[in-house]
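Participant: Would you mind keeping the following structure in view while I ask a few things?
Protein chains: 2
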Amino acid sequence: MKVLALAGGVGGAKLAGGLYHSLPPHSLAVLGNTADDFTLWGLHISPDLDTVMYTLAGLANPVTGWGLSGDTWVTLEAIRRLGGEGWFALGDQDIATHIRRTELLAQGMPLTEVTERLCVALGIQTRLLPMTNDDVHTEVDTPAGRLPFQEYFVRRQHRDDVHGIHFAGIENAVVPATVTDAIAAADVIFFCPSNPLVSIGPILAVPGLREQLREAKAPRIAVSPLIGGVALKGPADKMMHDLGFEATTLGIARLYTDLLDGLVIDTVDAELAPAIRDLGMQVLVTDTIMHDVADRNRLAQEMLQWSDELRPALAPMH
Amino acid sequence: MKVLALAGGVGGAKLAGGLYHSLPPHSLAVLGNTADDFTLWGLHISPDLDTVMYTLAGLANPVTGWGLSGDTWVTLEAIRRLGGEGWFALGDQDIATHIRRTELLAQGMPLTEVTERLCVALGIQTRLLPMTNDDVHTEVDTPAGRLPFQEYFVRRQHRDDVHGIHFAGIENAVVPATVTDAIAAADVIFFCPSNPLVSIGPILAVPGLREQLREAKAPRIAVSPLIGGVALKGPADKMMHDLGFEATTLGIARLYTDLLDGLVIDTVDAELAPAIRDLGMQVLVTDTIMHDVADRNRLAQEMLQWSDELRPALAPMH
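This is the structure we're talking about:
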């Protein structure tokens, strides 16, 4: 059984963690977003990859969802004293990851291989696959102008209205062979509950990647990141509204009509199930909120079971 | 009163600290060695500049002489777990310095200006002047081959016999205007008790710098780094012996005959004073061991007073 999971940051990492603990070693591959990667202090930061990596390694801070549990802030405070940028919180253990990644990238190693090295060093028995080895940078159009993603998201705390989203460099980004192979090998493909516009969106925007997913033999199942029209974390709901999408689970389904065989929605949104089925996808109604590790594992197991039920029915369609 | 002090690492930094505390703000300039700078984890480390900087800022670790008092090791330990180099001890506060330096250098700022920025941020009211803004790297010939300096010095703990010393890149190194100006403006020039071959040596080897010091109007006074033929710290004695120099304070004097007006030697070496005077320099015999801050300040004040006494006698010679 080979499972591929598309995941962005905190919410996606939680479900990826549930899948990781519900499957035998090396059964899972996680396809991660790199469009919110950025350079701080000269270091290459990959926030989404790291959130997944730390979550799978059991090192993630359970309160924030990002960063490492019990990390300290000595270097950050010293950098601030030395006049460096102090608005992005990097802990001392976390900084080691960025130093090591930056060093290996500077040696010419592709991000795919760098990420694999870091995961192996942390004892993670799965592959974490960057969507591309090329530089892609999400930029957000706001009333304050076009902002680099972390400027919008962290520094300004995603309060600005969003008039547009751009993935700078995406036209030249190449899907790595590791990703193509993982899509081809997958028995089921999950879209974790991540922001559809700035987490899953960039992954699908790498030229050819959406088509590869559309043509995959495996059933493709998403978990809606909206519950009762609200994102549990982050600005997905406001972003969708600002950009003219319906900020509901039905709106989520409409973003993926060409891609999904099934959508997992929260019991709160049960009434939307018929309209979603009318879009041509199956619906599983369950409790999708992941308060704790037990919730993650239960949701992951429900999804794995549902994918087994869906597969025979879908086989003729593929 | 303008004082210029040539200083290498720990021993030199101690006397520089004594001078700093014995003079009005902005009276002292320290000319530092950059030939043991190296790159670790992709970060530009300047061990000698940092030792001086932390000492002047009152932040130096009083036990080791290098690094910061009370620093922690979280990032270093995490880097080791991630497969990075772990043989050079960089604390978390210290790492902030290297990150910031590397970031500013990558933006094209010369090391002179980067160093000034760091010193200002740490509240240091003196100038710390790199000997050059160009890359110079000390290499040491040993039975194990030619080794980068930190490989010889830290990783192999300066146990190897030394067959030769090279300052790679020195032929293209340029004396910064800040250094030329500080030499011209100095009322006295001190050579702190640093390793003559790998700390003071590279400074003097920057093309034109030794000549500028030789032609300086100010009296030039060194403190011997050897006491009874022994270096209090580091391999200066063994290095001198291995390379065929006499590893005594007289041997030190012979290295600088073209440069020095006076040499400060320890009471232990008082018997060498006549032979040193025969080389054409004045001698001050005193206690040169700096156990604590009071010792540093006393030695600095003795030297300042002696330079006042020497100046009138030397004026006609210059």
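Going line by line, the protein sequences match chains A and B. The numbers in my numbering rise by one with no breaks, and the one at position 131 of the first sequence is 973. The numbers in my numbering rise by one with no breaks, and the one at position 43 of the second sequence is 885. Glycine included, each C-beta is placed from N, C-alpha and C at the ideal position.
1) Could one say the Cβ of G884 of chain B lies closer than 8 Å to chain A's Cβ atoms, at least one of them?
2) Apply the 10 Å Cβ neighbour rule to Q949 of chain A and answer buried if 16 or more other Cβ atoms are within range, or exposed otherwise.
3) Sort B:K1075, B:A1073, B:T1109 and B:P1061 by Cα distance to A847 of chain B and report the nearest one.
4) I'd like to know whether the C-beta of A948 of chain B is nearer than 8 Å to at least one C-beta of chain A.
5) May I ask you to report which of helix, strand or coil DSSP gives Q1124 of chain A?
6) Taking only the alpha-carbon atoms, compute the straight-line gap between D1029 of chain B and A1073 of chain B and give it to the nearest angstrom.
7) Going by DSSP, what residue range makes up the beta strand (DSSP E) through L970 of chain B?
8) Let me check understanding here. Comparing Cα to Cα, which of B:P904, B:V905, B:L953 and B:T914 lies closest to T876 of chain B?
9) Quick check for students: name the residue ranges of the beta strand (DSSP E) that lie wholly in the stretch 939-1013 of chain B, counting only runs of 3 or more.
10) How many Å lie between P1067 of chain A and I1107 of chain A at the Cα?
11) Check whether the Cβ of G900 of chain B lies closer than 8 Å to any Cβ atom in chain A.
12) Could you run through the stretch 953-971 of chain A and flag, in chain order, every residue whose CB is less than 9 Å away from some CB of chain B?
13) Mind pulling the chain A residues with CB within less than 7 Å of A931 of chain B?
14) Any beta-carbon of chain B closer than 8 Å to the one on Q935 of chain A?
15) Less than 8 Å between CB atoms is the rule here; does L924 of chain A satisfy it with respect to chain B?
16) With respect to 7 Å, is the separation between the Cβ of A899 of chain B and the closest non-hydrogen atom of the ligand PLP below this value?
17) Nearest to V873 of chain B by CA position, among B:D1100, B:V1021, B:T914 and B:V982, is which residue?
18) In chain A, which residues lie less than 9 Å from V916 of chain B when you measure between Cβ atoms?
19) Helix, strand or coil, according to DSSP, for I1107 of chain B in the structure here?
20) Kindly indicate if chain A contains any beta-carbon less than 8 Å away from that of E945 of chain B.
21) May I have the straight-line CA-CA distance separating G1104 of chain B from L1156 of chain B, to the nearest angstrom?
22) Among the candidates A:N1139, A:P985, A:M1123 and A:F930, whose CA atom is the shortest distance from the CA of R1153 of chain A?
23) Tell me which same chain residues have a C-beta within less than 6 Å of the C-beta of A902 of chain B, skipping the five on either side of it?
24) Mark W929 of chain B as exposed unless 16 or more other C-beta atoms lie within 10 angstroms of its C-beta, in which case mark it buried.
25) Does the separation of the CB atoms of V1165 of chain A and Y994 of chain A fall below 8 Å?
26) Can you name the residues of chain A whose CB is closer than 8 Å to the CB of I921 of chain B?
27) Which class does V1030 of chain A belong to by DSSP, given the choice of helix, strand or coil?
28) With DSSP as the reference, label L901 of chain B as helix, strand or coil.
29) What residues are listed by DSSP as bridge partners for R1062 of chain B?
30) Go through its chain and collect everything with a Cβ distance to E1013 of chain A's Cβ below 8 Å, but skip five positions before and after it.
31) Which whole-angstrom value describes the C-beta separation of V1065 of chain B and T1130 of chain B, a residue pair presumed to lie in contact below a C-beta threshold of 8 Å?
32) Quick check on G1093 of chain B: does DSSP put it in helix, strand or coil?
33) Starting from the C-beta of L1102 of chain B, find all residues in its chain whose C-beta is less than 6 Å away, skip the five residues before and the five after it, and write them out in chain order.
34) Just the C-alpha distance for P866 of chain A and S1149 of chain A, rounded to the nearest angstrom, thanks.
35) Where does V1135 of chain B fall in DSSP's three states?
Facilitator: In short:
1) Your numbering for residue 884 of chain B matches position 42 in the second sequence. Chain A places a beta carbon closer than 8 Å to that of G884 of chain B, counting this residue as a contact.
2) Reading the first sequence from its first residue, position 107 is the one you call residue 949 of chain A. Here Q949 of chain A is exposed, its C-beta having fewer than 16 other C-beta atoms within 10 Å.
3) Your numbering for residue 847 of chain B matches position 5 in the second sequence. Checked all of B:K1075, B:A1073, B:T1109 and B:P1061; the closest Cα to A847 of chain B is B:P1061.
4) Residue numbering aside, residue 948 of chain B sits at position 106 when the second sequence is read from its first letter. Cβ-Cβ to chain A under 8 Å: yes for A948 of chain B.
5) Counting from 1 along the first sequence, the entry for residue 1124 of chain A is found at position 282. Residue state, collapsed to three classes: strand.
6) Numbered from its first residue, the second sequence carries residue 1029 of chain B at position 187. Numbered from its first residue, the second sequence carries residue 1073 of chain B at position 231. Rounded to whole angstroms, D1029 of chain B to A1073 of chain B spans 29 Å at the Cα level.
7) Residue numbering aside, residue 970 of chain B sits at position 128 when the second sequence is read from its first letter. Boundaries of the beta strand (DSSP E) harbouring L970 of chain B: R969 to P972, taken from the DSSP string.
8) Against the second sequence, residue 876 of chain B aligns to sequence position 34. Minimum Cα-Cα distance from T876 of chain B among the listed residues B:P904, B:V905, B:L953 and B:T914 corresponds to B:L953.
9) Fully enclosed beta strand (DSSP E) runs of no fewer than 3 residues occupy 969-972, 979-984, 987-990 and 1006-1010 of the stretch 939-1013 of chain B, in order along the chain.
10) Counting from one through the first sequence, the residue named residue 1067 of chain A turns up at place 225. Counting from one through the first sequence, the residue named residue 1107 of chain A turns up at place 265. It is roughly 9 Å from the alpha-carbon of P1067 of chain A to the alpha-carbon of I1107 of chain A.
11) Start at 1 with the first residue of the second sequence, and residue 900 of chain B comes out as number 58. Chain A contact via Cβ: absent.
12) Per Cβ criterion, the list reads R959, L960, V962, A963 and L964.
13) In the second sequence, the residue the question calls residue 931 of chain B occupies position 89. Correct list: empty, because the minimum Cβ distance to chain A is about 14 Å.
14) Numbered from 1 along the first sequence, position 93 holds the residue referred to as residue 935 of chain A. Yes, Q935 of chain A lies at the interface with chain B (some Cβ there is under 8 Å from its Cβ).
15) As a working note, residue 924 of chain A is residue 82 in the first sequence. Yes - at least one Cβ of chain B is within 8 Å of the one on L924 of chain A.
16) No copy of the ligand PLP appears in this structure; indeed no ligand is present at all.
17) For the purposes of this step, residue 873 of chain B is taken as residue 31 along the second sequence, with counting starting at 1. Checking the sequence shown, residue 873 of chain B turns out to be Leu, not Val. Ranking B:D1100, B:V1021, B:T914 and B:V982 by Cα distance to L873 of chain B puts B:V1021 first.
18) Position 74 of the second sequence holds residue 916 of chain B. What V916 of chain B touches in chain A: D913, T914, V916, T917, G933, D934, Q935, I937 and A938.
19) Residue numbering aside, residue 1107 of chain B sits at position 265 when the second sequence is read from its first letter. Of the three classes helix, strand and coil, the one that applies to I1107 of chain B here is strand, per DSSP.
20) Locating residue 945 of chain B in the second sequence gives position 103, where the first residue counts as 1. Answer yes: the Cβ-Cβ gap between E945 of chain B and chain A drops below 8 Å somewhere.
21) The residue you call residue 1104 of chain B lines up with position 262 of the second sequence. The residue you call residue 1156 of chain B lines up with position 314 of the second sequence. A straight-line Cα-Cα distance of about 10 Å links G1104 of chain B and L1156 of chain B.
22) Reading the first sequence from its first residue, position 311 is the one you call residue 1153 of chain A. Looking only at A:N1139, A:P985, A:M1123 and A:F930, the smallest Cα-Cα distance to R1153 of chain A is reached by A:M1123.
23) On the second sequence, position 60 is the one that residue 902 of chain B refers to. Shown here for A902 of chain B: same chain residues with a beta carbon closer than 6 Å to its own, the five before and five after excluded, namely Y896 in chain order.
24) Taking the first residue of the second sequence as position 1, residue 929 of chain B is located at position 87. Exposed: under 16 other Cβ atoms inside 10 Å.
25) The first residue shown for chain A is 843 and the last is 1160, placing residue 1165 of chain A beyond what the model contains.
26) Working through the second sequence from its first residue, we reach residue 921 of chain B at position 79. Those are A938, I941 and R942, listed as they occur along chain A.
27) Counted from its first residue, the first sequence places residue 1030 of chain A at position 188. Of the three classes helix, strand and coil, the one that applies to V1030 of chain A here is strand, per DSSP.
28) Numbered from 1 along the second sequence, position 59 holds the residue referred to as residue 901 of chain B. Coil, per DSSP.
29) Taking the second sequence and counting its residues from 1, one reaches residue 1062 of chain B at position 220. In the DSSP assignment, R1062 of chain B forms a beta bridge with B:I1031.
30) Locating residue 1013 of chain A in the first sequence gives position 171, counting from the first residue. P1049, listed in sequence order.
31) Locating residue 1065 of chain B in the second sequence gives position 223, where the first residue counts as 1. Locating residue 1130 of chain B in the second sequence gives position 288, where the first residue counts as 1. Confirmed, Cβ separation roughly 6 Å.
32) By 1-based counting over the second sequence, the position of residue 1093 of chain B is 251. In this structure, DSSP gives G1093 of chain B a helical state, which the three-state scheme calls helix.
33) Translated into positions along the second sequence, residue 1102 of chain B becomes position 260. Cβ within range, chain order: R1062, A1064 and M1123.
34) Taking the first sequence and counting its residues from 1, the one referred to as residue 866 of chain A is at position 24. Taking the first sequence and counting its residues from 1, the one referred to as residue 1149 of chain A is at position 307. Roughly 17 Å separates the two Cα atoms.
35) As a working note, residue 1135 of chain B is residue 293 in the second sequence. In the three-state scheme derived from DSSP, where H, G and I count as helix and E and B as strand, V1135 of chain B is classed as helix.
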